[in-house]
Each structure stands twice: as C-alpha cells, then as structure tokens.
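>
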Amino acid sequence: MDEQVRQHKITLEESEMPTTWYNLVPDLPSPPPPALHPGTHEPAGPEDFAPLFPMDLIMQEVSQERYIDIPGAVLDVYRQWRPTPLFRAHRLEAALGTPARIYYKYEGVSPAGSHKPNTAVPQAYYNKIAGVKKLTTETGAGQWGTALAFACALFDLECEVWQVGASYDQKPYRRLMIETFGAQVHRSPSELTAVGREFLKDPKNLPGSLGIAISEAVEVAATNDDVRYALGSVLNHVLMHQTIIGEEALLQMAKAGETAGPDVIVGCTGGGSNFAGLSFPFLREKLAGNMSPIIRAVEPASCPSLTKGVYAYDFGDTAGMTPLMKMHTLGHDFMPDPIHAGGLRYHGMAPLISHVYELGLMEAISIPQIECFAAGLQFARTEGIVPAPEPTHALAAAVREALKAKETGEETVILTALCGHGHFDLAAYEAYMAGLMSDEEISDARFAEGLATIPSV
Ligand SMILES: *Cc1c(COP(=O)(O)O)cnc(C)c1O
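Under the UniProt record's numbering, residues 1 to 457 are what the sequence shown spells out, in order.
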C-alpha cells in the first residue's frame with residue numbers, strides 16, 4: 001500500500017484548552033420548566049437541593065450566565081488527559097466506501113475511560129471547598145462510580161457507591177477499579193438503607209436499577225450532615241461541565257478545515273450528558289446562524305425515553321425522593337431489560353435536552369443493540385479502538401448516515417462522541433460474537449405499566 005500523508009488526529013495544546021463551561025439556557029428561545037418540590041409541587045428553591053448538593057453546584061444548576069469559569073484546580077486536573085483528541089475515521093470511511101467525512105471526539109483517554117471525569121472532578125472540587133467529607137452515588141455500568149472515585153481520591157474525599165445489582169454481579173473489574181481508587185462499593189438494592197430494605201422485599205427488584213441505586217445514595221446523603229450526593233448525568237450542571245467536549249471539538253473542526261461545521265452530529269443518550277456536552281456548543285453556533293448541523297440523539301430501543309416516553313414531571317429515582325423534573329420519561333418505575341449498554345438504562349432524559357427536543361432544535365432515534373454491536377465491531381477492526389457499548393449506538397447512527405451519503409454521493413460531514421472505551425465490556429462483545437445477543441421487543445403493555453407510575457402534577 002502506498003504511504004499516505006493524511007491527518008488522523010486533530011489535537012490541541014494544553015494552553016488551547018477552553019477555560020469556561022457553556023450554559024445553553026440563556027440562548028434558548030424559552031427557559032426550561034423549573035424542578036418542583038416532591039411534596040408541595042411548588043417550584044423547588046436552592047434550599048430544597050441543599051441537603052444533596054453544595055451551593056456552588058446549586059447555583060450552576062439554575063444559572064442564567066452564558067459562560068462559567070472553570071476553577072484553576074479543576075483545569076489542572078483536566079490537563080492530565082485534556083484536551084482530548086478529535087479523530088478523522090479514515091479507515092472506517094474506506095471500509096464503508098463512503099464519501100462522508102466522519103470525525104469522533106475520543107473521551108476514552110480519561111483516567112476512568114469515559115467522559116464522566118469531566119463532571120466528577122468539578123463536583124468533587126466544589127464539595128471539598130464546601131467542607132463536605134463524603135460523597136455518595138449510584139453507578140450502572142460502573143463508569144460513573146469509577147470517575148467519582150478517581151475525583152474523590154484527588155480531592156481527599158470519601159466516596160460510597162451503590163452499584164446496580166446486575167452490573168455488580170457481571171462486572172467485577174469495574175467494581176475493583178472503583179475500589180482501587182479508594183471508594184466503597186455496595187450491591188444495590190442493599191440492606192444499608194431503608195429504601196434498599198424495602199425494595200429487597202420484592203424479588204423482582206433483585207437485579208436493581210439506576211433509579212433504585214439513586215434512591216439509596218440520596219437517602220444516605222440526605223440523612224447525614226457532612227455527606228452529599230453526586231449525580232453523573234441528567235442535571236443542568238452536569239451537562240454544562242461536559243460542554244468542554246464540544247468547545248474543544250469546535251476548535252478542532254476548524255483546525256481540520258471544516259469551517260462550515262458538521263452537517264450531522266450524532267451522540268448516544270442515557271441521561272444525556274455526553275450528547276449535550278458535544279452538541280450544545282454547536283447548537284449555540286447554529287442558533288447564532290454560524291452553522292447548521294442536524295443534531296440527533298441515539299437511544300437504545302429497549303430504553304427509549306425520548307422517542308417512546310412522555311414529556312411530563314417525574315421523579316429522578318424509583319422511590320420518589322428527588323425533586324420532580326419535567327422530562328421525557330418512561331416512568332420512574334420502568335425496569336429496562338438488562339441490555340449491555342448499562343449506561344443507557346435510565347428511565348428519564350435530562351430536562352434540558354427534553355426541553356431542547358420539545359423546541360424542535362434536535363432529533364432523536366432509537367436503535368436496537370445488535371446493529372450497534374455490529375457497528376462497534378467494524379469500528380474496532382478499522383479504527384483500532386474497542387468502543388464502550390453505549391457509544392456503539394452513536395457509531396451505528398454514524399454508519400447509517402455514512403451509507404446514506406454513499407447512495408447520494410454527498411460528502412456529508414459527520415461528528416460524534418466516542419465517549420468511552422469498552423475494555424471492561426468484553427463480555428458483551430463475547431455475547432455478540434457468539435451470536436447470543438438478542439434484540440428485545442418491549443410490549444406496549446410494559447411501556448403502559450411504566451407510564452402509569454408518572455405522578456399527576
Ligand atoms: C455514563 C455513560 C453514558 C450515558 O450517560 P450520558 O449522560 O447519556 O452520557 C454513555 N456512555 C458512556 C461511556 C458512559 O460512561
């Protein structure tokens with residue numbers, strides 16, 4: 001093969017790393033509906049969040065500022081792996097025979113192997129300076145627990161993680177990694193909390209769910225003065241911390257010569273944080289008339305909160321302890337099938353993304369897991385990175401778009417986030433390669449059961 005000189009990675013110097021997070025809210029044509037107190041159904045004030053979060057994060061949650069400075073101590077940790085590379089997927093493009101140009105922003109270079117440390121680090125930092133001693137949290141696939149355990153180790157905080165039972169049983173290496181960073185891990189539902197003991201009474205709850213694990217972690221934070229809770233997705237401040245991804249990608253796309261910006265941005269959505277992190281800075285440019293990308297969320301067919309859920313006030317957890325948030329939801333009681341992309345098994349979608357979706361500023365599709373793993377395998381065998389199961393959904397959508405370009409002959413510019421690597425998810429690849437993976441059809445009756453649990457507000 002002839003030697004070719006072509007650029008694969010578009011990188012930035014540490015000195016070029018953005019120093020502010022971007023808040024989309026002031027740029028939207030209407031503000032998102034407020035969170036409501038779970039008891040009174042009145043708009044929740046900062047004091048309602050105070051048992052769970054430090055005031056700096058609460059103020060970010062409701063901020064109207066367009067840009068928020070990233071503290072120096074956080075920038076210093078970010079520089080350990082940021083700026084992350086943007087790759088041009090030359091070899092995947094060649095394998096697909098497409099005229100499309102595919103770019104992926106790779107967040108798997110972080111210490112936890114995903115985008116999650118982008119918010120774990122500032123959350124640990126703001127809790128530390130507020131005098132908090134310990135953080136509690138939930139983890140599904142184990143990515144968020146790993147990220148928070150890492151961040152707590154750096155800022156000398158204790159960390160206690162409730163891991164969804166099914167994933168605790170299937171993913172011993174994620175648990176061990178969390179413990180290596182110094183955090184304590186419990187199988188959820190656990191005997192350690194009142195809600196956990198309640199859920200354990202019904203055997204159907206034994207595999208656990210993110211909603212149940214959140215209830216347990218929230219209970220411990222709410223009932224202990226020097227303990228706070230940290231959430232890895234969904235909330236406004238989490239989405240905002242992730243915008244460092246999109247801000248860097250904007251600079252890198254320009255550096256790659258893509259001055260018109262991408263034609264299509266696709267990203268996987270569980271709670272929506274990596275998708276928002278990549279796309280919101282581009283949405284800002286779109287709203288300002290500087291570029292016109294189609295922005296498309298991709299969710300698993302087995303947990304399709306945007307495409308099959310309703311837009312309503314619902315709880316963030318299964319026990320109904322969190323404030324009510326207006327979001328696309330399958331019902332806080334919805335128990336998703338144990339699909340391999342554990343990080344996408346959440347019943348709701350970030351309220352801010354839900355609002356953006358309602359405003360018609362983005363699209364959403366769902367894709368079943370077999371098509372996703374096929375794309376993941378093709379990606380691994382061309383680009384050399386084994387993707388986490390979650391971003392295989394984004395890759396499957398990118399492949400669809402690239403094959404469409406092949407038919408029309410258009411040089412579509414596609415941008416996606418490869419938000420994590422799959423080094424701890426090889427059992428899922430094993431199942432796929434052995435032909436043991438299946439696409440679950442969810443019956444209308446099961447959706448109806450979940451939707452019936454949404455409170456009337
Ligand atoms: C947690 C996680 C997700 C899902 O969360 P979002 O908030 O939707 O980004 C997706 N991919 C990976 C690798 C994750 O760790």
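We put the beta carbon where it would ideally sit given N, CA and C, even for glycine. From a predicted model like this one, the values you see are computed outputs, not experimental measurements.
With respect to the alpha helix (DSSP H) encompassing D314, which residues constitute its N-terminal and C-terminal limits?
Careful: D314 lies outside any alpha helix (DSSP H), inside the beta strand (DSSP E) at V310 to F315.
> For H8, name the three-state secondary structure that DSSP assigns.
Three-state result, H8: coil.
> Would you mind giving the Cβ-Cβ distance between F280 and Y22, rounded to the nearest angstrom? I have them listed as a contact below 8 Å.
Rounded, the Cβ-Cβ distance is 6 Å, consistent with contact.
> Could you give the uninterrupted runs of the alpha helix (DSSP H) lying entirely in the stretch 370-409, keeping only those of 4 residues or more?
DSSP runs (the alpha helix (DSSP H)) wholly in the stretch 370-409: 389-408.
> Classify D333 as buried or exposed, calling it buried when 16 or more other Cβ atoms lie within 10 Å of its own Cβ.
Per the 10 Å Cβ criterion, buried.
> I need the straight-line Cα distance from G272 to A350, nearest angstrom please.
Rounded to whole angstroms, G272 to A350 spans 6 Å at the Cα level.
> Would you check if the distance between the CB atom of A151 and the CB atom of V161 is smaller than 8 Å?
Against a cut-off of 8 Å, the Cβ pair of V161 and A151 comes out as no contact.
> Let me know the secondary structure DSSP gives R296 once reduced to three states.
In this structure, R296 counts as strand in the three-state DSSP scheme.
> How about P293 and A341: are their beta carbons less than 8 Å apart?
Not closer than 8 Å, so no.
> What do you reckon, is the C-beta of F275 under 7 Å from a heavy atom of ligand 1?
Result yes, Cβ under 7 Å from ligand 1.
> What alpha helix (DSSP H) runs, 4 residues minimum, are completely inside the stretch 89-135?
As far as the stretch 89-135 is concerned, its whole alpha helix (DSSP H) runs of at least 4 residues are 90-96 and 117-129.
> Going by alpha carbons, who is nearest to H8 out of E93, P38 and I370?
The shortest C-alpha separation from H8 is found at E93.
> On the DSSP bridge list, what partners appear for E138?
Its beta-bridge partners are W162.
> Whether or not the stretch 447-457 and the stretch 324-333 are in contact is what I'm after, with contact meaning three or more pairs of Cβ atoms, one per stretch, closer than 8 Å; do they touch?
Touching, per the Cβ criterion.
> Report whether the distance from the Cβ of W144 to the nearest heavy atom of ligand 1 is below 7 Å.
Yes; taking the cut-off as 7 Å, the Cβ of W144 has a heavy atom of ligand 1 nearer than that.
> With distances taken between CB atoms, is the gap from residue 468 to A147 smaller than 8 Å?
Nothing about residue 468 can be read from this structure; the chain reaches only from 1 to 457.
> From S209 to G140, what does the alpha carbon distance come to, in whole angstroms?
Going by the C-alpha atoms only, they are around 8 Å apart.
> Let's see if you can read the secondary structure: which residues bound the beta strand (DSSP E) around V227?
From DSSP, the beta strand (DSSP E) with V227 extends over V227 to Y229.
> Is it the case that the stretch 407-418 contacts the stretch 261-272, given that we only count it when at least three CB pairs across the two stretches are under 8 Å?
Flag = yes, the stretch 261-272 and the stretch 407-418 touch.
> Alpha carbons only, please: which of A448, A427, I353 and L287 is nearest the one belonging to K308?
K308 has its Cα closest to that of A448, out of A448, A427, I353 and L287.
> Alpha carbon to alpha carbon, how far is D202 from V195? Give it in angstroms, no decimals.
The alpha-carbon atoms of V195 and D202 are separated by roughly 12 Å.
> Relative to ligand 1, is the shortest distance from any of its heavy atoms to the C-beta of A172 smaller than 7 Å?
With the sequence shown as reference, residue 172 is identified as Pro, and Ala is not the correct amino acid for it. No, Cβ of P172 sits at least 7 Å from all heavy atoms of ligand 1.
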